[in-house]
Structures are given as C-alpha cells and as structure tokens.
Amino acid sequence: MKSSWKSHVLVVEDEPAISESVSYALRRHDFEVTTCATITAAERVTGVDLVLLDLMLPDGSGFDFIGRRRQAGDLTPIIVLSSRDGEADRVAALETGADDYVPKPFSPREVVARVRAVLRRHRAAVPTPSGPLPLRVDEARRRAEVNGAPVDHLTRVEFDLLAALLESPGTVYNRAELIDRVWGDGFAITDRTVDSHVKSLRRKLTEAGGGPDLIETVRGVGYRVREGSRA
Numbered sequence: 735m736k737s738s739w740k741s742h743v744l745v746v747e748d749e750p751a752i753s754e755s756v757s758y759a760l761r762r763h764d765f766e767v768t769t770c771a772t773i774t775a776a777e778r779v780t781g782v783d784l785v786l787l788d789l790m791l792p793d794g795s796g797f798d799f800i801g802r803r804r805q806a807g808d809l810t811p812i813i814v815l816s817s818r819d820g821e822a823d824r825v826a827a828l829e830t831g832a833d834d835y836v837p838k839p840f841s842p843r844e845v846v847a848r849v850r851a852v853l854r855r856h857r858a859a860v861p862t863p864s865g866p867l868p869l870r871v872d873e874a875r876r877r878a879e880v881n882g883a884p885v886d887h888l889t890r891v892e893f894d895l896l897a898a899l900l901e902s903p904g905t906v907y908n909r910a911e912l913i914d915r916v917w918g919d920g921f922a923i924t925d926r927t928v929d930s931h932v933k934s935l936r937r938k939l940t941e942a943g944g945g946p947d948l949i950e951t952v953r954g955v956g957y958r959v960r961e962g963s964r965a
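Under the working numbering, think of the first position of the sequence shown as 735, with each following residue one higher.
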C-alpha cells in the first residue's frame, strides 16, 4: 500500500532519454511526475511541489523561466539539471532563484535524493499559522528538537526516520516506504527492524519531553507523525 500523499514534480527537459530516466526514478520512489519539453508547456502546469529544469530548452532559457517565477512571487523549489557545469552558470542559476544545481551527467538516484532534500528544506522554512509546534529537525547539523529541547543520542537511522516522517505530518508511511527512504536499495531490512527503530525513537522523544504519541501507529499500515507536530 502506498501513501495517499505524493509530492508532484515537474520535469522540464527536452532530451527524451534524460526525461524518461529521471521520471522513472521519481515514480519508482512514489512521486507524481509531469514532463514537459518546452518552457511554454511548463508554464501552463500548476500545482507542483518542485521543478526539475534544464537550462537550454528549444523555446528559451531556463534562467528566464526561473526569473519570471521568482518575480511573480512563486517560491516553488527549482532544481537545475544542466550540461553547463561551469562555476559562473551555477552561481547565476542560484542567484536567479534556483534552489540547487545538478550538472550532467548525473545519477537518477542522486536526483531523487536532491529532490527529497530540497523539499525537506522548503517545507521546514514555510511558516505555519498556528505558531511554534513540537518537532523540528535541522538536516544540516543533524539535530532534532522537541519543544525547543534537544533530542539526544539519536542514531543515524533514528534521525533519518524522523526526518522522513516529518516530510508530511499526518501522512501514513508504510514500512516498505520507510525502508526505501531511510536505508535505500540493497539492504535486507525487515518490518521488525523498522518497528524496533521507531520504538527507540519514541523513547528518546519522550525523554526529551515530547511524549510517545508524536509518532502514531496506524495498525496494519505503518506510521505517521501526528499532524501539527512539525515546527
């Protein structure tokens, strides 16, 4: 069973082989994907969570696409995928408003990882109307807090589990999804291993003052962070 919530990624790329390989990797990791080969087509697409953008397209420059979006107040994250890997191009893209820059050739798996990282940063930066909330993760420093208090001695797996669950509070992630997000391909991880790490994570959140109910069990499905828990 898949989660009912999916991030929607727009892939703007005119090379079919690249567009297809990136789209396949994203769909395999449970993203919704729309593809376009031109800026004109891309500008008609709405309701996306992130854009993967080639800079050199048949009907214009990716720099112009980014600039128009940012000037219009659109903060949708944009990751540039480009064969132009010089420092000047990377700096120009980031200063224009891109959130990340991946030079070609690249691994589709790396692109998926970059997409997840940018989405996590973006969601953590979006203010919530209800004020401060219990849980916060700092991906760069690998730190977690509950109500402003540090959650001590988290293992790598426990931190990554918490970060994955916090991508979308209230969304149920089944164990297979969590294994894919935290351990990745090539690891023989059982459902019982996931349960054991979640149990340890709950204990450490409780010790930090957060209470064991921040991570809820949905019987027969998986786990979710209680909606409204992400700071």
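Even for Gly, the Cβ is constructed at its ideal location relative to N, Cα and C.
ask   = Using a Cβ-Cβ cut-off of 6 Å (strictly less than) and excluding sequence neighbours within five positions of G956, which residues of its own chain qualify?
value = Excluding its 5 nearest sequence neighbours in each direction, G956 has C-beta neighbours in its own chain below 6 Å: V906, Y907, N908 and R909, listed in chain order.
ask   = Do P903 and V959 have their C-beta atoms within less than 7 Å of each other?
value = yes
query = Nearest to V871 by alpha carbon, out of K838, D788, S816 and E901?
reply = E901
Contacts around R876, its chain only, beta-carbon distance under 7 Å, and the 5 residues preceding and following it disregarded = F893
ask   = So, is L744 buried or exposed, given that buried needs 16 or more other C-beta atoms within 10 angstroms?
value = buried
Whole beta strand (DSSP E) elements within the region 832-916, 3-residue minimum = Segments of the beta strand (DSSP E) lying fully in the region 832-916: 834-837, 869-872 and 877-880.
query = Which value, in whole angstroms, describes the spacing of the CA atoms of L895 and D793?
reply = Straight-line Cα distance between these residues: approximately 42 Å.
key: Opening and closing residue of the alpha helix (DSSP H) in which V928 lies   = Residues D925 to E941.
ask   = Any idea what DSSP makes of S795, helix, strand or coil?
value = strand
query = Where does E754 sit, in a helix, a strand or coil, going by DSSP?
reply = The answer is helix: DSSP assigns E754 an H, G or I state.
task = Between the Cα of S755 and those of R937, S841, I773 and A775, spot the shortest distance and give me the residue it belongs to.
result = S841
query = From the DSSP output, which residues share a beta bridge with G956?
reply = N908 and V952
query = Would you say H763 and V846 are within 7 Å of each other, going by their C-beta atoms?
reply = Cβ atoms of H763 and V846: closer than 7 Å.
Given G954 as reference, the closest of S934, G943, D947 and D925 once Cα atoms are compared = D925
query = Anyone know if the C-beta pair for I773 and F797 falls short of 7 Å?
reply = No. Outside cutoff.
request  = Name the two residues that bound the continuous alpha helix (DSSP H) containing E766.
outcome  = Looking at the DSSP string, E766 is not in any alpha helix (DSSP H); the run it does join, the beta strand (DSSP E), is E766 to C770.
task = On a CA-only basis, which of R850, A827, L935 and C770 is nearest E749? Give me that one, please.
result = C770
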